[in-house]
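Peer 1:
Residue numbers (our numbering): 208 to 443.
1) Assess contact between the stretch 291-306 and the stretch 395-414, defined as three or more Cβ pairs (one per stretch) separated by less than 8 angstroms. Is contact present?
2) Looking at the structure shown, is residue 295 part of a helix, part of a strand, or coil, going by DSSP?
3) Do the stretch 416-425 and the stretch 280-287 touch if we need at least three Cβ pairs shorter than 8 angstroms?
4) In chain order, what residues of the same chain have a beta carbon less than 6 angstroms from the beta carbon of residue 258, not counting five sequence neighbours either side?
5) Checking the sheet assignment: what are the DSSP bridge partners for residue 199?
6) Any heavy atom of the ligand NAP closer than 7 angstroms to the CB of residue 293?
7) Where do the N-terminal and C-terminal ends of the alpha helix (DSSP H) with residue 303 fall, by residue?
8) In three-state DSSP terms, what is residue 339?
9) Closest to residue 290 by C-alpha separation, out of 308, 307 and 319, would be which residue?
10) What would DSSP say about residue 333, mapped onto helix, strand or coil?
11) Applying the criterion that 16 or more other CB atoms from any shown protein chain within 10 Å of the CB defines a buried residue, is residue 428 buried or exposed?
12) Assuming contact is defined by CB atoms lying nearer than 8 angstroms, are residue 406 and residue 350 in contact in what I supplied?
13) Quick one, are the C-beta atoms of residue 430 and residue 354 less than 8 angstroms apart?
14) Should residue 401 go down as buried or exposed, given a rule of 16 or more other Cβ atoms within 10 Å for buried?
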């Protein structure tokens, strides 16, 4: 077929006098246009499918999608107080952390355990958090839930951990399925010290304030060993 059209092109354009070329050229252009249309009709569905597949893969690999709610630092704090009241109370008990958050130039990140997370701690630990003897422990727990710069869900997903005001917290990609932890597959989520990021909310203005809803506390469990003591050994 390609040789046939090649010869047609030769006789239409090269092997004929100029006057005949003018007469035959429109027919050749029509034929060439038809061939191009046929080629595009064959390639377009494949190209569209490939593009859609790449978009689907990209969407699947993202850990979560942030919800932008407002553009105010005060709104971010109000949102935490309204939707995560126990977490808000926890953070407010560390004045140093609150000052650093408010003074952060670029913004901040809060890992906010939801109400179910605090309820899952049980009555004993919740009572210990209210005990004045454990104030230092509570301050340490609060510090582990704050970073003085914005860290998105995608950044968490691609990291091996984060440095909070309390210290380092390991991050891992969450896995679903399997049998007793064997054979599971990544589900696109991320956990910090075993607690999973459920939702992410962003507040963007001159600063970027990010709130990650967590299904548990991300502070080290070893801190609870120092509950009901006046101070944590080795602390200043």
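From the three backbone atoms N, C-alpha and C, an ideal C-beta is built for every residue, glycine too. From a predicted model like this one, the values you see are computed outputs, not experimental measurements.
Peer 2: On the basis of the coordinates in this document:
1) Under the Cβ criterion (8 angstroms, minimum of three pairs), the stretch 291-306 does not count as touching the stretch 395-414.
2) For the purposes of this step, residue 295 is identified with residue 88 of the chain shown, where counting begins at 1. Three-state DSSP puts residue 295 in a helix.
3) Under the 8 angstroms Cβ criterion, the stretch 416-425 counts as touching the stretch 280-287, having at least three qualifying pairs.
4) Position 51 of the chain shown, counting from 1, holds the residue named residue 258. A caution first: residue 258 carries a pLDDT of 32, below 50, which makes its placement in the model unreliable, though a value can still be read off. Closer than 6 angstroms at Cβ, skipping near neighbours: no residue.
5) With the chain running from 208 to 443 in the structure shown, residue 199 is simply not present.
6) This structure does not include the ligand NAP; it has no bound ligands of any sort.
7) Here residue 303 corresponds to residue number 96 of the chain shown, with the count starting at 1. Secondary structure note for residue 303: its alpha helix (DSSP H) is the uninterrupted segment 302-310.
8) Mapped onto the chain shown, residue 339 falls at position 132. Three-state DSSP puts residue 339 in a helix.
9) Counting from one through the chain shown, the residue named residue 290 turns up at place 83. When only C-alpha atoms are compared, the closest one is 319.
10) Here residue 333 refers to the residue found at position 126 of the chain shown. Residue 333 carries a helical assignment under DSSP once its states are collapsed to helix, strand and coil.
11) Residue 428 sits at position 221 when you count from the first residue of the chain shown. Exposed is the call here.
12) As a first step, residue 406 is located in the chain shown; it is residue number 199 there, counting from the start. As a first step, residue 350 is located in the chain shown; it is residue number 143 there, counting from the start. Not in contact: residue 406 and residue 350 (Cβ atoms no closer than 8 angstroms).
13) For the purposes of this step, residue 430 is taken as the residue at position 223 of the chain shown. For the purposes of this step, residue 354 is taken as the residue at position 147 of the chain shown. With respect to the 8 angstroms criterion, residue 430 and residue 354 are not classified as neighbours on the basis of their beta carbons.
14) Your numbering for residue 401 matches position 194 in the chain shown. Burial call: exposed.
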